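Enquirer: Before I ask anything, let me first share the structure, which is written out below as structure tokens.
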Amino acid sequence: MLKAVLFDMDGVIVDTEPLHRKAYYQMFKDVNIDVDITLYESFTGQSTINICKRLVDHFNLNEQPESLVNIKRKHFKYLFENDSSLVLIDGVLDRIKDYHANGVKLVVASSASMPNIERIFNRFDLNQYFSGKFSGADLEKSKPHPEIFIKAAEFTGFDKSECMVIEDSTNGIKAAHSAGIFCTGFKSEHSFGQDYALANKVVSDFKEISYLKCNDFFKD
Numbered sequence: 001m002l003k004a005v006l007f008d009m010d011g012v013i014v015d016t017e018p019l020h021r022k023a024y025y026q027m028f029k030d031v032n033i034d035v036d037i038t039l040y041e042s043f044t045g046q047s048t049i050n051i052c053k054r055l056v057d058h059f060n061l062n063e064q065p066e067s068l069v070n071i072k073r074k075h076f077k078y079l080f081e082n083d084s085s086l087v088l089i090d091g092v093l094d095r096i097k098d099y100h101a102n103g104v105k106l107v108v109a110s111s112a113s114m115p116n117i118e119r120i121f122n123r124f125d126l127n128q129y130f131s132g133k134f135s136g137a138d139l140e141k142s143k144p145h146p147e148i149f150i151k152a153a154e155f156t157g158f159d160k161s162e163c164m165v166i167e168d169s170t171n172g173i174k175a176a177h178s179a180g181i182f183c184t185g186f187k188s189e190h191s192f193g194q195d196y197a198l199a200n201k202v203v204s205d206f207k208e209i210s211y212l213k214c215n216d217f218f219k220d
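Quick note, in full-length UniProt numbering, the sequence shown goes up one by one and the last residue is 220.
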């Protein structure tokens, strides 16, 4: 039986990708680098600090990765507070309420920084549904390493076989697969260039993974 769901945040709970994209490209302009779409798409699911480390190495920059992180986060904070296009992913709130009403333990396991996770949860009043939050930015390893999902699953107190991850990125799906946790790949209009081959199930609508339907995958 399904006992816990581990949610990625960006691209699964909230559509922050357009804001992140704007913030990253403003940062790229600030440090005078040209990031093509293939390189940018390879960042999906990774923490900001690891992305900035890659950028420093790739472009042989004199700036420290932490400096790039601060520039990007400054732009994101401004956009978060001023861009009215930020909305929850269609159907996710109904699904969160569905799981919560059926006693499923909910945890967010995101590569986003904890301040950004808190901003989203406060803005959309999600704290009432979730038991825990894990930020990949606070861990030693970033997705596709399985550390975040291993820790999140342990936090629930349930066996990994009773947990499900919902992810939209190649790196996140790889992380769930490596952790040995059933993974639903959420394929949306924002999931550009991602590989869902390792997902146990792929959906494009949250109605496809209602609590009742999910228990077909998690038999006692």
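Don't be surprised by glycine CBs; every beta carbon is placed ideally from N, CA and C.
Here the structure is a predicted model, which is why all the values come from computation and not from measurement.
Mind checking Lys72: buried by the 16 CB within 10 Å criterion, or exposed?
Expert: Under this definition Lys72 is a buried residue.
Enquirer: For Thr38, count neighbouring Cβ atoms within 10 angstroms of its own Cβ and tell me buried if that reaches 16, exposed if not.
Expert: When all chains shown are included, Thr38 counts as exposed.
Enquirer: For the structure I just gave you, are there three or more beta carbon pairs, one from the stretch 173-183 and one from the stretch 136-146, closer than 8 Å?
Expert: Output reads yes: the stretch 136-146 touches the stretch 173-183.
Enquirer: Is it the case that the Cβ atoms of Glu80 and Leu126 are separated by a distance below 8 Å?
Expert: Residue identity differs from the one stated: residue 80 is Phe in this sequence, not Glu. For Phe80 and Leu126, no; Cβs fall outside 8 Å.
Enquirer: Measuring alpha carbon to alpha carbon, tell me which of Asp216, Ser191, Phe218, Glu41 ends up nearest Ser204.
Expert: The shortest Cα separation from Ser204 among Asp216, Ser191, Phe218, Glu41 belongs to Ser191.
Enquirer: Is it buried or exposed for Arg119, if we count other Cβ within 10 angstroms and need 16 for buried?
Expert: Buried.
Enquirer: Rounded to whole angstroms, what's the CA-CA distance from Asn32 to Phe7? Just pull it up for me.
Expert: Roughly 35 Å between the two C-alpha positions.
Enquirer: Is the beta carbon of Val35 sitting closer than 8 Å to the one on Thr48?
Expert: No. Outside cutoff.
Enquirer: For Ile166, name the three-state secondary structure that DSSP assigns.
Expert: Note: Ile166 maps to strand in three-state DSSP.
Enquirer: Per DSSP, Phe186 forms a beta bridge with which residues?
Expert: Its beta-bridge partners are Val203.
Enquirer: What do you get for Gly11, buried or exposed, if any count of 16 or more other CB atoms within 10 angstroms of its CB means buried?
Expert: By the 10 Å Cβ count, Gly11 comes out buried.
Enquirer: Can you say whether Asp15 is buried or exposed, counting buried as having 16 or more other CB atoms within 10 angstroms of its CB?
Expert: Result: buried.
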